[in-house]
Amino acid sequence: MTDRRFFLKAVGAAGGLLLQVALPAARARDATPGAAWEANAMVRIASDGKVHLTMPYVEMGQGTYTSIPMLIAEELEVDLKDVVLEHAGADDKRYINPALGFQVTGGSTTIRAAWMPMRQAGAAARMMLVQAAAQQWQVEPSSCRAEHGTVRHVPSGRKLSYGALAAGAAKLPLPAADSIVLKPAQEFRLIGKAARRLDTPGKLNGSAQFGIDAQLPGMKVAALAITPVFGGRLAGLDEAAALKVKGVRQVVRLDDCAAVVADNYGAAQKGLALLALRWDDGAHASLSTADIVADMVRAANAGSAKVRADGNPEQAFAGAARVLEATYELPFLAHAPMEPMNCTVHVQADRCDVWTGTQVITRARAVAAKVTGLPEDKVTVHNHLLGGGFGRRLEIDTVERAVRIAQQVKHPVKVIWSREEDIQHDMYRPYFYDRVRAGVDAQGMPVAWSHHLTGSSVLGRFLPPAFNNGFDPETVDGAEAPPYALPAVRIDYTRHEPGEIPTAFWRGVGPTHNVYVVESFIDELAAAAKIDPLQYRLALLKHNPRAEQVLKLAAEKAGWQGPKNGNVGRGLSVQFAFGTYTAMVVDAQLVDGEVRVSRVVCAVDCGVVVNPDTVKAQIEGGVIFGISGALYGDITFKNGRVEQSNFHDYRVLRMNEAPAIETHIVASNEAPGGIGEPGTSGLMPALANAVHAFSGQRIRKLPIATALQPTLQEQHA
Numbered sequence: 120m121t122d123r124r125f126f127l128k129a130v131g132a133a134g135g136l137l138l139q140v141a142l143p144a145a146r147a148r149d150a151t152p153g154a155a156w157e158a159n160a161m162v163r164i165a166s167d168g169k170v171h172l173t174m175p176y177v178e179m180g181q182g183t184y185t186s187i188p189m190l191i192a193e194e195l196e197v198d199l200k201d202v203v204l205e206h207a208g209a210d211d212k213r214y215i216n217p218a219l220g221f222q223v224t225g226g227s228t229t230i231r232a233a234w235m236p237m238r239q240a241g242a243a244a245r246m247m248l249v250q251a252a253a254q255q256w257q258v259e260p261s262s263c264r265a266e267h268g269t270v271r272h273v274p275s276g277r278k279l280s281y282g283a284l285a286a287g288a289a290k291l292p293l294p295a296a297d298s299i300v301l302k303p304a305q306e307f308r309l310i311g312k313a314a315r316r317l318d319t320p321g322k323l324n325g326s327a328q329f330g331i332d333a334q335l336p337g338m339k340v341a342a343l344a345i346t347p348v349f350g351g352r353l354a355g356l357d358e359a360a361a362l363k364v365k366g367v368r369q370v371v372r373l374d375d376c377a378a379v380v381a382d383n384y385g386a387a388q389k390g391l392a393l394l395a396l397r398w399d400d401g402a403h404a405s406l407s408t409a410d411i412v413a414d415m416v417r418a419a420n421a422g423s424a425k426v427r428a429d430g431n432p433e434q435a436f437a438g439a440a441r442v443l444e445a446t447y448e449l450p451f452l453a454h455a456p457m458e459p460m461n462c463t464v465h466v467q468a469d470r471c472d473v474w475t476g477t478q479v480i481t482r483a484r485a486v487a488a489k490v491t492g493l494p495e496d497k498v499t500v501h502n503h504l505l506g507g508g509f510g511r512r513l514e515i516d517t518v519e520r521a522v523r524i525a526q527q528v529k530h531p532v533k534v535i536w537s538r539e540e541d542i543q544h545d546m547y548r549p550y551f552y553d554r555v556r557a558g559v560d561a562q563g564m565p566v567a568w569s570h571h572l573t574g575s576s577v578l579g580r581f582l583p584p585a586f587n588n589g590f591d592p593e594t595v596d597g598a599e600a601p602p603y604a605l606p607a608v609r610i611d612y613t614r615h616e617p618g619e620i621p622t623a624f625w626r627g628v629g630p631t632h633n634v635y636v637v638e639s640f641i642d643e644l645a646a647a648a649k650i651d652p653l654q655y656r657l658a659l660l661k662h663n664p665r666a667e668q669v670l671k672l673a674a675e676k677a678g679w680q681g682p683k684n685g686n687v688g689r690g691l692s693v694q695f696a697f698g699t700y701t702a703m704v705v706d707a708q709l710v711d712g713e714v715r716v717s718r719v720v721c722a723v724d725c726g727v728v729v730n731p732d733t734v735k736a737q738i739e740g741g742v743i744f745g746i747s748g749a750l751y752g753d754i755t756f757k758n759g760r761v762e763q764s765n766f767h768d769y770r771v772l773r774m775n776e777a778p779a780i781e782t783h784i785v786a787s788n789e790a791p792g793g794i795g796e797p798g799t800s801g802l803m804p805a806l807a808n809a810v811h812a813f814s815g816q817r818i819r820k821l822p823i824a825t826a827l828q829p830t831l832q833e834q835h836a
């Protein structure tokens, strides 16, 4: 274990105690004594006793701004209401996410990264405050106890608040590494107990500030139109009519975009509609989804990188009693977060200020510096709460474009993407084309497994060093190591980048694609063997007790008695992704010609649970997101253009369509797993399997609604 000097320092701070916490990055775990030390979180105990936490992560609905304060408050023995949160500035060294190597919130890593360091910081601060009180009273520290923001001398009943002790504690040396003892689980007051979200009141009374809420003196608002074909250019426009609209101040031209700057967004939109924009569509003017898929098939046939080969799979296939094969296709998907994409920028001669909500604040700063030519220390990013991210706000294209527009505006300017511009100029979840086959024995159980993935490598672009030997771990996550006992396995990957179409992470990332393929095909194998899909899976999970447990629990709570109950189809999935084991049972049926999900039962083993309410909320949100994606999600191209434009044709689940969702949490002492994304990746195959159960149709190409249309038309006829 790395010496604790590498993760904690204590200094005085205006009469208080400031703890500088270094969350040890994976690349620094084997650091040697004397290596450079950089803090990346700040915990300050002020003279009023309040605990100020500079949050190195962002809040986008996942509960981070409650669960991480719970870690500090638990060990520090303060009430959760006494923790005050502050947004962190841009600094990769100071606010690094140790799981990902720079300042970023994503990948269901936040609690996993913060679990030990934040608790250790709280425990060390508690010990220092107790020591300060003991010195003041001239008693043994062992006779003192920290409780509710005070230190109490047990024999005499004397008390001192943390505020009164903070300055004295700051003068003490840090506790010895081997003396920092964390609370045992049986003594937890907060961890594992339901806690109300600290960010809820502000969201209810309107005081919470999202990026789109930025207001500055003299600020203007811009609406924009981007070339409808990726890679196209602005050929011309007529600005006279736009400039006559009341409130319109100017028209900004970029190489691939035009923006109208006005006093308010309504005026900007009216002006934009009058620009008579003309576009040069460029080389991709005739591009279609069919073209992209045909190119993917050619790429898949041309070659691949070997990800894994265990147990001589070709020999196992040759000796199999039967070989089953399937091809799966998963579409491009947009993010469509509830808060429209936006970015406010003020470019001045010697500085640039950016107001937005971003998951990658240092990258936002870097691109603003690059566009303006300013040094990074002259760029300030004022981060905000995020009205949904889902991976979209891991990207900096919106910041770059807003800065380019702001360079031509003398006032601060808030650039807002309409829903249409957002959906048609997103960075999409990649299209995937997968071939999977299995050799089975006489009883229908697998003896050989092969999975060939073809699609974009988002991580290869986002973090190039992670792409090695022809693949990256995120793209193959959920495919490289299925949870089942498979005697012989071969996994291959072909990287295919779809021209100018940008791809990005989408909630659930690699597992949304890979778990779908694995769990759908496992269901096909069970059907071919004429074995109940639950029993088939359990037979392959004897070596994997945590996966076996969640699957049994979900089935028990759902009352599983087979894949069909009257006209209701029931589908299963089990997965290990993001450090968490998840199983789902989905009930679905046909209602008025549409698939409706009536009930979802989920069992989850995510290790130690910090806030069970957050776990349940994240599973529920992931389920709803997954249903929308599986049933309706589809971004298609025709004549180089995205065919979808808003929620009328890029549909999301409506409130009256939402199912009953049950989440059952397995008690565990294992290290925490991620919870923001497993709900989405687990839901999609379970739903497709439920659809097969009531319709008899295998969904090998999403979305489900489109795949079922021929069957529904035939039944109606």
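The numbers in our numbering rise by one with no breaks, and the one at position 163 of the sequence shown is 282. Backbone N, C-alpha and C fix where the C-beta goes; we use that ideal spot for every residue, glycine too. Computed from a predicted model, the values in this text were never measured in an experiment.
Sequence-distant partners of A440 (beyond 5 residues in either direction) whose C-beta falls short of 7 Å from its own C-beta, in its chain, are V559, D560 and A561. For G690, the uninterrupted beta strand (DSSP E) segment begins and ends at V687 to A696. Following the DSSP letters along the chain, one finds R271 inside the beta strand (DSSP E) bounded by residues T269 to H272. Per DSSP, the unbroken beta strand (DSSP E) holding Y447 starts and ends at R441 to L449. Within the model, the alpha-carbon separation for H632 versus P450 is close to 10 Å. A707 is a Cβ neighbour of V810, given a cutoff of 7 Å. One Cα belongs to A344, the other to A361, and the distance between them is close to 13 Å. T699 carries a strand assignment under DSSP once its states are collapsed to helix, strand and coil. Looking at N788, K820, V729 and T830, the one whose alpha-carbon comes closest to that of K312 is V729. In the displayed model, G574 falls within a strand according to three-state DSSP.
Annotation for A722: V669, L672, A673, A702 and H783 place their beta carbon closer than 6 Å to its own, counting only its chain and skipping 5 residues before and after.
Taking the Cα positions, L279 is about 28 Å away from Y184. Three or more beta-carbon pairs separated by less than 8 Å link the segment 265 to 274 to the segment 241 to 249, which places the two stretches in contact. If you look at Y552, you'll find it isn't in any alpha helix (DSSP H); it sits in the beta strand (DSSP E) that goes F551 to V559. When only Cα atoms are considered, E196 and P175 end up about 22 Å apart. Look at G355 here: in three-state DSSP terms it is strand.
DSSP places K671 in the uninterrupted alpha helix (DSSP H) bounded by P664 to A677. Counting only residues of its own chain and dropping the five nearest sequence neighbours on each side, Q388 has a CB closer than 7 Å to the CB of A342.
Around the beta carbon of A240, 16 or more other beta carbons sit within 10 angstroms, so the residue counts as buried. In the assembly as shown, M179 is a buried residue. Its beta-carbon has 16 or more other beta-carbons within 10 Å. The beta carbon of W234 is closer than 6 Å to those of P791 in its chain, skipping five residues each way along the sequence. Under DSSP, N461 takes part in a beta bridge, and its partners are I535. Between the alpha carbons of R368 and N216 lies a gap of roughly 42 Å.
DSSP places H544 in the coil class of the three-state scheme, outside both helix and strand. For N502, the enclosing beta strand (DSSP E) covers residues V498 to N502.
In summary, V710 is exposed, with fewer than 16 beta-carbon neighbours lying within 10 Å of its beta-carbon over all protein chains present.
For secondary structure counted as the alpha helix (DSSP H) over 4 or more consecutive residues, the segment 330 to 397 holds these complete runs in sequence order: 359 to 362 and 384 to 392. In this structure G681 does not touch G793 by the C-beta definition: roughly 32 Å separates them, more than the 8 Å allowed.
Counting only runs of 3 or more residues that sit fully inside the segment 279 to 312, no beta strand (DSSP E) segment turns up. Annotated as proximal: A647 and L443, with beta-carbon spacing under 7 Å.
DSSP, reduced to helix, strand and coil, places K661 outside both helices and strands of the structure shown, so it counts as coil.
DSSP places R316 outside both helix and strand once states are collapsed to three, so it counts as coil.
Counted as a single uninterrupted DSSP element, the beta strand (DSSP E) harbouring Y612 occupies residues V608 to R614. DSSP places D732 inside the alpha helix (DSSP H), whose first and last residues are P731 to Y751. In the same chain as T799, and ignoring 5 residues on each side of it, the C-beta atoms closer than 8 Å to its own belong to R626, G627, T631, G741, V742, F744, G745 and G748, in chain order.
Here DSSP, grouped into helix, strand and coil, assigns A567 to strand.
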